[in-house]
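Trainee:
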Amino acid sequence: MTRKSEKSLATAVLTGLLLVVSGTALGADRLLLATQLWPPYQTYDQGKMGGIAVERVQCALQRMQQPYRFTMTRWDKAQLLVESNRMDGFFTGSNNASRNKYAVFSTPVINEDLTWFMAPDVSIDPEDESAKYQARYGAKFNSSKWLYLKKNGYNVVKKPRDADVLLQMLWQGELDVVLEYSGVFEHSIKKLGIPMDYFRRAHRSKKDLGVHFSRQFLKQNPAFLNTFNSAMERCKKSSL
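Residues in the sequence shown are numbered consecutively from 207, following our numbering.
#1: For the stretch 230–294, list the alpha helix (DSSP H) runs that are entirely contained and at least 4 residues long, ordered along the chain.
#2: In whole angstroms, what is the alpha-carbon distance linking Lys412 and Ser349?
#3: Measure the Cβ-Cβ separation of Asp382 and Ala341 and say whether it is below 7 Å.
#4: Taking three-plus beta-carbon pairs below 8 Å as touching, is the stretch 403–411 in contact with the stretch 352–371?
#5: Assign Gly359 to buried or exposed, taking buried as 16 or more other Cβ atoms, counted over all protein chains shown, within 10 Å of its Cβ.
#6: Determine the direct distance from the alpha carbon of Asp251 to that of Thr277, and round the result to whole angstroms.
#7: Comparing alpha-carbon positions, which option in Met255, Arg305 and Leu237 lies nearest Leu415?
#8: Using the Cα positions of Leu232 and Asn317, report the straight-line distance between them to the nearest angstrom.
#9: Using the Cα positions of Ser420 and Gln271, report the straight-line distance between them to the nearest angstrom.
#10: Would you say Gly399 and Met375 are within 7 Å of each other, going by their C-beta atoms?
#11: Could you give the residue range of the alpha helix (DSSP H) that holds Thr455?
#12: How would you call Arg262, buried or exposed, if buried means at least 16 neighbouring beta carbons within 10 angstroms?
#13: Go ahead and label Gly379 buried or exposed: buried means 16 or more other beta carbons lie within 10 angstroms of its beta carbon, across all protein chains shown.
#14: Would you kindly work out how many angstroms separate the C-alpha atoms of Pro428 and Pro273, rounded to a whole number?
#15: Spatial neighbours of Ala240 within its chain, please: CB distance less than 7 Å, with the 5 preceding and 5 following residues excluded, ordered by chain position.
#16: Apart from the five residues just before and just after Val260, which ones in its own chain have a Cβ nearer than 6 Å to its Cβ?
#17: Indicate whether Val315 and Thr298 have their beta-carbon atoms separated by less than 7 Å.
#18: Can you name, in chain order, every residue of its own chain whose Cβ lies under 7 Å from the Cβ of Phe347, other than the five neighbours on each side?
#19: With which residues is Ala408 paired in a DSSP beta bridge?
#20: Express the C-alpha separation of Gln268 and Asp403 in angstroms, rounding to a whole number.
#21: Under 7 Å, do Phe423 and Ala266 count as touching if we go by C-beta distance?
#22: Here's a check: name, in chain order, each residue in its chain whose Cβ is nearer than 8 Å to the Cβ of Ser445, leaving out the five neighbours to either side.
#23: DSSP on Gly379, reduced to helix/strand/coil?
#24: On the criterion of 16 or more Cβ atoms from any shown chain inside 10 Å, does Tyr339 qualify as buried, or is it exposed?
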């Protein structure tokens with residue numbers, strides 16, 4: 207894919223125009239889920255959505271014989287669409303108190319390492335109290351990771367919109383420390399042709415990433431979540 211076509215795709219994604227529809231039932235009972243372009247979990251290639259998260263959510267819904275539509279858009283918009291009850295859910299994201307106000311977290315779709323990535327010449331403990339004021343920290347703008355850093359007083363100096371830009375900032379010396387999921391950052395590292403062991407790493411935590419279903423949707427469909435969770439567990443076992 208050329209840089210020009212990648213830019214065109216990004217524009218389409220940001221306006222929420224990329225849709226995947228399953229089955230022939232397109233009535234009011236179809237499930238509407240929002241997501242973001244977030245390789246390798248949610249991808250877009252040759253006109254089709256893919257990635258491990260997309261495939262697992264599709265698998266669960268197909269087991270349930272549940273018609274659905276996925277809309278790929280900005281991550282902040284995906285969450286707003288659910289909060290305003292214009293979508294039934296969004297995926298994949300971590301569980302937190304802010305999202306719990308309007309949505310319920312499913313059984314995990316993915317379990318991933320949240321990792322500190324540091325420039326080769328940075329030898330600090332990224333969670334040290336003194337280091338967090340001196341080093342330049344970064345995460346994807348407006349993500350739960352970026353908001354965590356800001357809330358806890360880390361010296362956050364940039365607002366990258368995706369993992370590729372975040373990686374470029376760390377690689378070019380604009381940042382000292384980055385907080386990102388290992389799978390996401392390693393995907394960007396591989397794409398840019400950087401040696402996988404180029405950056406220093408420190409494990410932060412293990413995170414569950416899942417689907418957040420609207421509380422209003424679940425109120426109207428009280429048996430849905432348990433059925434989805436059971437189907438998702440079966441799909442995860444079959445994909446091992």
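Heads up, the beta-carbon is just placed ideally off N, CA and C, and yes, glycines get one too.
Just so it is clear, the structure is predicted and the values come from calculations on it, not from any experiment.
Mentor: Reading off the structure:
#1: Secondary structure remark: continuous alpha helix (DSSP H) runs of at least 4 residues inside the stretch 230–294, in chain order: 258–269 and 281–289.
#2: Roughly 17 Å separates the two Cα atoms.
#3: Yes. Within cutoff.
#4: Contact between the stretch 403–411 and the stretch 352–371 is absent: fewer than three C-beta pairs spanning the two stretches fall below 8 Å.
#5: Classification of Gly359: exposed, given that the 10 Å Cβ count is below 16.
#6: Using only the alpha carbons, I get a separation of about 15 Å.
#7: With distances taken between Cα atoms, Leu415 lies closest to Arg305.
#8: Legend: pLDDT at Leu232 = 44, less than 50; position of this residue unreliable, no value from coordinates given.
#9: Whole-angstrom Cα-Cα distance: 20 Å.
#10: For Gly399 and Met375, no; Cβs fall outside 7 Å.
#11: There is no way to answer for residue 455, as the model of the chain reaches only from 207 to 446.
#12: Around the beta carbon of Arg262, a 10 Å sphere encloses 16 or more other beta carbons of the protein chains shown; the residue is thus reported as buried.
#13: Exposed, since its Cβ has fewer than 16 Cβ neighbours within 10 Å.
#14: Their backbone Cα atoms lie some 17 Å apart in a straight line.
#15: Hits under 7 Å: Thr277, Thr279, Ala284, Leu287, Val288, Met293 and Phe296.
#16: Counting only Cβ-Cβ distances below 6 Å, and skipping sequence neighbours, we find Gln248.
#17: Yes, they are a contact pair.
#18: Taken in chain order, the residues that qualify are Lys365, Pro366 and Arg367.
#19: Residue pairing of Ala408 in beta bridges, as defined by DSSP: Trp322.
#20: So the alpha carbons of these two residues sit roughly 39 Å apart.
#21: Contact: no.
#22: Within the same chain, Ser445 has close Cβ partners Ile258, Glu261, Arg262 and Cys265.
#23: Note: Gly379 maps to coil in three-state DSSP.
#24: Under this definition Tyr339 is an exposed residue.
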